[in-house]
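One structure is given below, encoded as structure tokens.
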Amino acid sequence: MKNNVVKEKSFAFALRIVKLSKHLNQEKQEYVLSKQLLRSGTAIGALVREAEYNE
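In terms of our numbering, the sequence shown is residues 58 to 112.
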């Protein structure tokens with residue numbers, strides 16, 4: 058299996074988004090913002106996976 062840079066970067070980005078979302082939720086009590094950020098930030102991985110399998 059070949060290395061997929063986009064897949065690796067999107068995974069790393071999603072991990073950072075999850076951490077940021079937790080911080081916003083716990084420290085700043087920004088529930089709506091953190092929820093939307095988590096949803097959109099982690100959707101990137103799903104979109105990359107979908108594009109990969111449609112090739």
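Even glycine gets a Cβ: it sits at the ideal position worked out from N, Cα and C.
Just so we're clear, the structure is a prediction, and the values are computed from it rather than from any experiment.
- Under the 10 Å beta carbon count, S97 is surrounded by fewer than 16 other beta carbons and is classified as exposed.
- Look at E112 here: in three-state DSSP terms it is coil, with no helix or strand label.
- Within the same chain, and ignoring the five residues on either side of L90 in sequence, the residues whose Cβ sits closer than 8 Å to its Cβ are L81.
- Leaving aside the five residues that flank A71 on each side, the residues in its chain whose CB is nearer than 8 Å to its CB run, in chain order, G98, T99, I101 and G102.
- A distance of 8 Å or more separates the beta carbons of L104 and S78.
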